[in-house]
Every structure is written in C-alpha cells, then in structure tokens.
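J.: Below you'll find the structure I mean.
Residue numbers (the numbering used here): 89 to 322.
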C-alpha cells in the first residue's frame with residue numbers, strides 16, 4: 089500500500105529529490121531498527137545464535153546474488169529518483185528486470201509480516217509500521233525514476249499494484265502455512281528474511297539517500313533508527 093501511495097504522490101506531485109532521499113534515509117533507519125530489535129532479537133530468543141546467524145547470512149547471500157543478476161539487466165538503479173534508470177530503448181528488458189527487482193525487495197518484508205503475526209500480533213504491528221514508513225519513499229523514488237526513464241504512468245501503477253497483490257499473498261502464506269511450525273523453523277525463516285532486508289537496505293536504499301543528501305544520510309538514518317526503537321519501547 090505504501091509503495092502504491094508513493095507512486096500516486098510521485099505521479100501527480102513534484103517532490104524534491106533531496107526530500108525523497110532524506111525520507112529514504114529515515115526509512116532505512118526505521119527498517120534497520122525493526123530488523124534488529126523486532127526480528128533478529130525475536131528469532132534469537134526462539135532458537136539461539138547459530139540458526140539466526142546462518143539464516144541471516146543465507147538471506148543476505150540469496151538477496152545479493154539475485155540483486156546482482158537483476159542489476160546486469162537494468163534493475164541496478166530501480167530505487168533512484170533521478171535519470172539513472174535505463175529506458176527500454178537504452179536497455180531492452182530493463183522494465184521486466186525492474187519489476188522483478190521490486191518484487192525481490194518486497195517478498196522478504198511480506199514473509200516477515202506474516203510469520204511475526206504468529207507470535208500474537210505485537211511484533212507484526214511494529215514490523216508493519218516500519219515497512220510502511222520505509223516503503224513510502226521507495227515508491228516515491230522508484231516511480232519518479234521510472235517516469236524519468238520514459239515509462240508510462242499506467243506501467244508504474246500496474247507494477248506497484250501487482251507487487252502489492254503478490255506481497256499480500258506472501259504475507260498470507262507466511263501466516264497460514266507456518267501456523268504449526270516450530271519455534272526453530274520460524275526463527276530461521278525470520279532470520280533469512282531479516283538478512284535479505286538488511287542487504288536490500290545497504291544495496292538499494294542507502295545509495296539513493298547518499299546520492300542526494302550525502303553527509304546528512306548517516307544522521308537522518310540514525311534519527312529513523314532511534315525513532316523506531318523509542319516507539320517499540322512504549
């Protein structure tokens with residue numbers, strides 16, 4: 089929903105790129121806080137250190153490998169708001185790569201939301217908030233970049249609409265299919281998704297923020313991190 093909302097705002101309102109980048113940095117900090125304190129910590133309490141470490145590293149490896157492959161086909165700058173994204177004439181097939189890249193970014197978040205709800209809903213609520221705050225600038229930046237690359241408004245809305253549906257199904261699958269899973273299995277799955285999310289932040293969100301606001305990126309990211317942590321303690 090946040091991605092779709094960001095796309096809608098970007099399509100009808102000209103949002104300054106520096107503002108998008110600052111919100112992206114803030115969202116990165118919020119998402120890092122959610123991964124650290126709501127996901128990895130919860131997984132550690134369920135299963136201990138080694139399953140968490142193995143799951144997180146595995147998730148990061150899978151995400152990084154898939155991201156590197158998609159980057160070769162034109163999806164490297166899918167979250168960039170400027171003119172970095174290639175048009176279809178410049179790199180045929182880049183539109184499909186960008187769509188798959190957006191799906192790659194969203195699936196781990198959705199699985200985490202679904203599995204975290206199994207714990208009673210408290211973690212799920214915090215995680216949903218973090219994902220929403222981080223996804224809004226993603227939708228703004230990506231949609232702005234797609235429009236700059238010559239992709240139509242219909243393409244942008246169809247992409248985010250499809251991602252919203254698939255992500256919702258992934259969250260539902262995480263909730264329904266793993267209802268009887270053991271704590272160890274849930275911990276590993278959560279850690280895999282958490283590692284993938286951290287890799288996504290480092291590979292795609294932070295570069296977009298730094299490219300526009302430079303030395304303010306770290307400060308704004310820490311503000312987002314602390315804001316989410318403070319809210320989680322209420």
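Heads up, the beta-carbon is just placed ideally off N, CA and C, and yes, glycines get one too.
In whole angstroms, give me the CA-to-CA distance for residue 316 and residue 117.
T.: Those two C-alpha atoms are separated by around 8 Å.
J.: Taking the C-alpha atoms as reference points, what is the distance between residue 306 and residue 134?
T.: Rounded to whole angstroms, residue 306 to residue 134 spans 32 Å at the Cα level.
J.: Helix, strand or coil: which one does DSSP assign to residue 239?
T.: Of the three classes helix, strand and coil, the one that applies to residue 239 here is coil, per DSSP.
J.: If you pair each beta-carbon of the segment 121–134 with each one of the segment 280–292, do three or more pairs fall below 8 Å?
T.: Touching, per the Cβ criterion.
J.: What's the gap between the Cα of residue 99 and the Cα of residue 233?
T.: Approximately 11 Å, taken between the alpha carbons.
J.: Of the choices 246, 108, 231, whose alpha-carbon is the least far from that of residue 301?
T.: It is 108 whose Cα lies nearest to the Cα of residue 301.
J.: For the structure I just gave you, are there three or more beta carbon pairs, one from the segment 262–282 and one from the segment 130–149, closer than 8 Å?
T.: As far as the Cβ criterion goes, the segment 262–282 touches the segment 130–149, which means the pair count is three or higher.
J.: Below 8 Å, can you find three or more Cβ-Cβ pairs linking the segment 191–201 to the segment 259–270?
T.: At 8 Å Cβ cutoff, the stretches touch.
J.: Checking 8 Å against the spacing of the C-beta atoms, do residue 291 and residue 152 come in under that value?
T.: Contact flag set, yes.
J.: In this structure, how does DSSP classify residue 165 when only helix, strand and coil are distinguished?
T.: If DSSP states are grouped into helix, strand and coil, residue 165 belongs with coil.
J.: How would you call residue 274, buried or exposed, if buried means at least 16 neighbouring beta carbons within 10 angstroms?
T.: Residue 274 should be labelled buried.
J.: What is the DSSP secondary structure of residue 321, reduced to helix, strand or coil?
T.: Coil at residue 321, not helix or strand.
J.: Between residue 218 and residue 228, what straight-line distance do the alpha-carbon atoms span, to the nearest angstrom?
T.: Computed Cα separation, rounded: 16 Å.
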